[in-house]
Amino acid sequence: MYIHQYTCISPQQKDENVNLEHIVPSQDGKYLAQEPVLQGVPPGMVRRMSKSVRIGIGAGLPLIKDNKPNGIIIGTANGGMEDCIKFLNQIIDFEEGLLTPGTFVQGTPNAIAGQLSLITKNQNYNATHVHNGLSFENALLDAFMLIKDNPQTSYLLGGVDEISSYNYNIETLGGWYDTRLTNENLYMAQLPATIAGEGATMFMVSGVPHNAVARVSAIEFFHATDATYVQQRVADFLKQHDVALNETIFISGENGDVRALPFYEHCEAILDTFIPIIRFKHIVGEYPTAIAYGLWLACHMLQTQQPLPTHFYKRKGTDIPIKNFLLYNHYHGKQHSLMLVTG
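To convert, take the position in the sequence shown, counting from 1, and add 1135; that gives my numbering.
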């Protein structure tokens, strides 16, 4: 599967203009995405949209406004959650009386893909995958299989999540987030928690190699709680796909949570010391579809053929060709994914 275009809305950027040298700091243990101005969308419609829908449209619309893909496939775990909670609260507050329809319509995860199709009048395949920390991976696999059946087709593929007050409070009580953490001390604090993040990342994908920026050669995801088992799965993945490690950069989903660190360290132990290791959650935070930002970084490096700023590197390694990327991400102690991206 080939990636032809890509865009991202994150705490660091709200359009195609991005300065990866400069880091926008986190606030109160959160990394909030910068919202773009939605061109061509009626203001009345924008007012009724939840944040996840706004950033999803802001990232996806530039890729499909001039062409019509054969489908829109979105992965999200918390998209629409904020409006969903508002609607449920209204049921109690108004004693099941007259309710606001907007929060009901916007309070479902498929509102992002649905709004993109309505705005662009796209009546093709439309799907939303909600699988917690593997939501984007399932959306990618969906696009992968559709393209394998018909390589000439193209799809808008995305990962979108927002920080809803409901999810943030529940996960903070569960020990997943800590307000003492900042982007500066994330990897040094050694706390059993991380920073909450949000964002929207979109890709235009097809089976046609012409003018492609990158190729997703393989993807694999699974559930596990044993770091040694995860290490073996990574080793088998590399062997199965005959990955040339001397030309591979490792993009790690490490998020500063000491409980997750053994998984990443076991994976790094397989790699030779000259292989660069890149981390990215100190600039976007942790959220279920954060690995989509890791894929965005791989595309950015392949297109520019330039290394990232120093703050991204856990290990600089040696200067190797920007050609192959191995992405590994882990979420909440159970969900793991591997992705192989080539130029």
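Ideal Cβ placement from N, Cα and C applies to all residues, glycine included. Quantities reported herein were computed from a predicted structural model and do not represent experimental measurements.
To the nearest angstrom, how far is the alpha carbon of residue i from that of residue j?
i       : j       : result
Phe1357 : Leu1473 : 9 angstroms
Leu1475 : Phe1385 : 10 angstroms
Leu1396 : Glu1389 : 7 angstroms
Gly1293 : Tyr1260 : 14 angstroms
Leu1251 : Ala1404 : 42 angstroms
Thr1243 : Asn1202 : 26 angstroms
Gly1268 : Tyr1428 : 13 angstroms
Thr1477 : Gly1309 : 38 angstroms
Gln1174 : Asn1464 : 34 angstroms
Asn1245 : Val1188 : 9 angstroms
Ala1324 : Asn1257 : 47 angstroms
Lys1200 : Phe1372 : 37 angstroms
Arg1394 : Gln1287 : 43 angstroms
Arg1450 : Thr1383 : 13 angstroms
Ile1455 : Tyr1399 : 22 angstroms
Ala1425 : Ala1335 : 9 angstroms
Thr1142 : Glu1306 : 28 angstroms
Would you kindly check if the distance between the Cβ of residue j and the Cβ of residue i is under 8 angstroms?
i       : j       : result
Ser1145 : Asn1318 : no
Gly1164 : Thr1314 : yes
Met1436 : Gln1140 : no
Glu1333 : Ile1298 : yes
Cys1434 : Val1348 : yes
Pro1177 : Gly1193 : no
Tyr1448 : Pro1411 : yes
Ala1328 : Asp1392 : yes
Asn1213 : Asp1277 : no
Gly1210 : Thr1360 : no
Ile1413 : Leu1432 : yes
Val1351 : His1401 : no
Met1337 : Leu1291 : yes
Leu1196 : Ile1254 : yes
Phe1279 : Ile1354 : yes
Ala1262 : Ile1208 : yes
Pro1442 : Glu1156 : no
Tyr1312 : Tyr1322 : no
Ser1289 : Pro1204 : yes
In terms of residue numbering, what span does the alpha helix (DSSP H) encompassing residue i cover?
i       : result
Ile1413 : Careful: Ile1413 lies outside any alpha helix (DSSP H), inside the beta strand (DSSP E) at 1412–1414.
Gln1258 : First-last for Gln1258: undefined, no H or E at that position.
Gln1367 : 1362–1375
Val1181 : 1178–1183
Gln1438 : 1426–1439
Ile1199 : 1186–1199
His1345 : From DSSP, His1345 is part of no alpha helix (DSSP H); its letter is neither H nor E.
Tyr1137 : Here Tyr1137 belongs to no alpha helix (DSSP H); instead the beta strand (DSSP E) covers 1137–1144.
Leu1396 : 1396–1403
Let me confirm a value: residue i is counted as buried when at least 16 other C-beta atoms fall within 10 Å, else exposed. Which label applies?
i       : result
Ile1186 : For the record, residue 1186 in the displayed sequence is Lys; it is not Ile. Classification of Lys1186: buried, given that the 10 Å Cβ count is 16 or more.
Ile1190 : buried
Gln1147 : buried
Ser1341 : buried
Ser1409 : Strictly speaking, residue 1409 in this sequence is Phe, with Ser absent from that position. Exposed, since its Cβ has fewer than 16 Cβ neighbours within 10 Å.
Lys1416 : buried
Leu1167 : buried
Asn1154 : exposed
His1345 : exposed
Thr1363 : exposed
Met1136 : buried
Ile1247 : buried
Can you give me the start and stop residues for the beta strand (DSSP E) that residue i sits inside?
i       : result
Glu1355 : 1349–1358
Val1295 : 1289–1296
Ser1299 : No beta strand (DSSP E) holds Ser1299; DSSP gives it neither H nor E.
Leu1473 : 1470–1477
Ile1282 : Per DSSP, Ile1282 belongs to no beta strand (DSSP E); it is in the alpha helix (DSSP H), 1270–1284.
Thr1408 : Segment: none, Thr1408 is in no beta strand (DSSP E) and carries neither H nor E.
Ile1455 : Here Ile1455 belongs to no beta strand (DSSP E), and DSSP marks it neither H nor E.
Phe1385 : 1383–1387
Ile1207 : 1206–1210
I want to see whether chain B comes within less than 8 angstroms of residue i, judged by CB atoms only; does it?
i       : result
Gly1191 : Among the protein chains of the structure shown there is no chain B, as only one such chain exists.
Worksheet entry | Inter-stretch contact at 8 angstroms, needing at least 3 Cβ pairs: the region 1373–1384 / the region 1452–1459 | yes
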